[in-house]
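The next block holds one structure in the form of structure tokens; read it before the comments.
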Amino acid sequence: MRIIHKLNEMTETARGWLTGGSVGFVPTMGFLHAGHMSLVQAAKQDCEISIACIFVNPIQFDAQEDLVRYPRDLERDLQLLHDINIDVVFIPRAEDIYPANFSTYVIPSGSMMERLESLSSPVYVRGVATIITKLFQLVRPDVAYFGQKDAQKIAIVRKLVQDLNIDVTLRILPTVRDSDGLALSSQNYLLSPSERQAAPSLYRALLAAKSLIEQGERRPDVVSKAMTDSINSEPLLTLNYAAVCRSDTFDPINVIQPGTIFALAASIGSIRLVDNITWLENGQWLL
Ligand code: AMP
655 MRIIHKLNEM
665 TETARGWLTG
675 GSVGFVPTMG
685 FLHAGHMSLV
695 QAAKQDCEIS
705 IACIFVNPIQ
715 FDAQEDLVRY
725 PRDLERDLQL
735 LHDINIDVVF
745 IPRAEDIYPA
755 NFSTYVIPSG
765 SMMERLESLS
775 SPVYVRGVAT
785 IITKLFQLVR
795 PDVAYFGQKD
805 AQKIAIVRKL
815 VQDLNIDVTL
825 RILPTVRDSD
835 GLALSSQNYL
845 LSPSERQAAP
855 SLYRALLAAK
865 SLIEQGERRP
875 DVVSKAMTDS
885 INSEPLLTLN
895 YAAVCRSDTF
905 DPINVIQPGT
915 IFALAASIGS
925 IRLVDNITWL
935 ENGQWLL
């Protein structure tokens, strides 16, 4: 396992990829869990060369305190990546990625970028789009892996890949959950025991929505209210949004049909959790 910190070493290495075969890339903010590892596993299976990045991206955080307390354990992450036999780990330094004179941001626009996460964070879309563009330039992957849990991140990456003609294939993998349904997240480790117990309410609210659909309910406002009520019934949770919208554009809908995403964000104390499920075009559910 090769560890690369320097940007010019990453660029040099990427220049040599062509001779080695296809490159599968997993961008992460570290503090790895089984959700991240499912992406790494897929990259290893699909591609000759597997590379993960660990970088806590400062420009996608609204509050400095959230950036500071983001969980980190590089030693443990490197052990996990070593154990799975990844080829390269890229760990750039924030001051190299964003030097003092940095001023070129990638800002996807359009209604899709104004929904879900953007409702609570003015910097999220710009932060994600900018770092992913930079990482794609540095790593030059053939395939990049993302988890379904972060639905808007996927939308942002799809958009920038299309608009900026970036030659990369995106592969999206299902959300990996704990046995009680809570979507794995590095932030879960910051929850107190009682908060951790309350956190699966997000998934329960999504399952309540699914159950309503299965009973024939098709009105988005009714399902959204059921999700809201379900979250509000847990005193430790504060709802940020309960969206029922088109899965490809996040546009509002009049009637729920296949191709609908049910997305939730809620805060527990100062931790923000997101989750979603999708009623796919083929009638199956992505849970
Ligand atoms: P993060 O470290 O939170 O930036 O996440 C890095 C990548 O892992 C993103 O593509 C996430 O969508 C993905 N990811 C995070 N949590 C999960 C999960 N529970 N299941 C699947 N993928 C995940």
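Take the sequence shown: its letter number 171 is residue 825 in my numbering, and every next letter is one higher. C-beta: ideal position from N, C-alpha, C; glycine also. Just so we're clear, the structure is a prediction, and the values are computed from it rather than from any experiment.
- The beta carbon of Leu940 sits closer than 7 Å to the beta carbons of Gln802, Pro828, Ile931, Thr932, Leu934 from its chain, once the five residues preceding and following it are set aside; these are given in chain order.
- Segment contact: the stretch 903 to 917 against the stretch 814 to 834, fewer than three CB-CB distances shorter than 8 Å; contact not assigned.
- Here the alpha carbons of Arg872 and Arg726 stand approximately 43 Å from one another.
- Set against 7 Å, the gap from the CB of Met683 to the closest heavy atom of the ligand AMP is smaller.
- In the three-state DSSP reduction, Tyr799 falls in the strand class (E or B).
- The DSSP-derived three-state label of Phe916 is strand.
- By the 16-neighbour rule on beta-carbons within 10 angstroms, Thr673 is exposed.
- Counting only runs that start and end inside the stretch 819 to 846, there is no alpha helix (DSSP H) element of at least 4 residues.
- Per DSSP, reduced to three states, the secondary structure at Val815 is helical.
- The three-state reading of DSSP puts Asn739 in coil, since its state is none of H, G, I, E or B.
- Val680 and Phe709 have their C-alpha atoms some 11 Å from each other.
- Scanning the stretch 669 to 704 for uninterrupted alpha helix (DSSP H) segments of 4 residues or longer gives 671 to 674, 688 to 700, listed from N- to C-terminal end.
- DSSP, reduced to helix, strand and coil, places Asp804 outside both helices and strands of the structure shown, so it counts as coil.
- Nearest Cα to Val779 within the set Phe790, Leu732, Ser765: Ser765.
- Relative to the non-hydrogen atoms of the ligand AMP, the Cβ of Gly689 comes within a distance shorter than 7 Å of at least one.
- Within 10 angstroms of the beta-carbon of Val928 lie 16 or more other beta-carbons, which makes it buried.
- The C-beta of Leu728 has fewer than 16 other C-beta atoms within 10 Å across all chains shown, which makes the residue exposed.
- For Tyr895, the secondary structure class from DSSP, reduced to helix, strand or coil, is strand.
- A direct Cα-Cα distance of roughly 23 Å separates His687 from Ile810.
- Annotation for Asp727 indicates a beta carbon at 7 Å or more from all heavy atoms of the ligand AMP.
- Setting aside the 5 residues that flank it on each side, Lys698 is surrounded in the same chain by Ser704, each with a C-beta closer than 6 Å to its C-beta; the list follows chain order.
- In the three-state scheme derived from DSSP, where H, G and I count as helix and E and B as strand, Asp929 is classed as strand.
- Distance between Asn908 and Leu891, taken at the CA atoms: about 28 Å.
- The bridge partners DSSP lists for Pro906 are Cys899.
- The beta carbon of Pro912 sits closer than 8 Å to those of Trp933, Leu934, Glu935, Asn936, Gly937, all from its chain and outside the five residues before and after it, given in chain order.
- For Asp804, the shortest separation between its Cβ and any heavy atom of the ligand AMP lies below 7 Å.
- Scanning Glu749, Asn755, Phe685 for the CA closest to the CA of Arg723 turns up Phe685.
- When DSSP states are grouped into helix, strand and coil, Arg794 belongs to the coil group.
- Judged by beta-carbon spacing, Ser840 lies beyond the 8 Å limit of Met664, meaning their Cβ atoms are not closer than that value.
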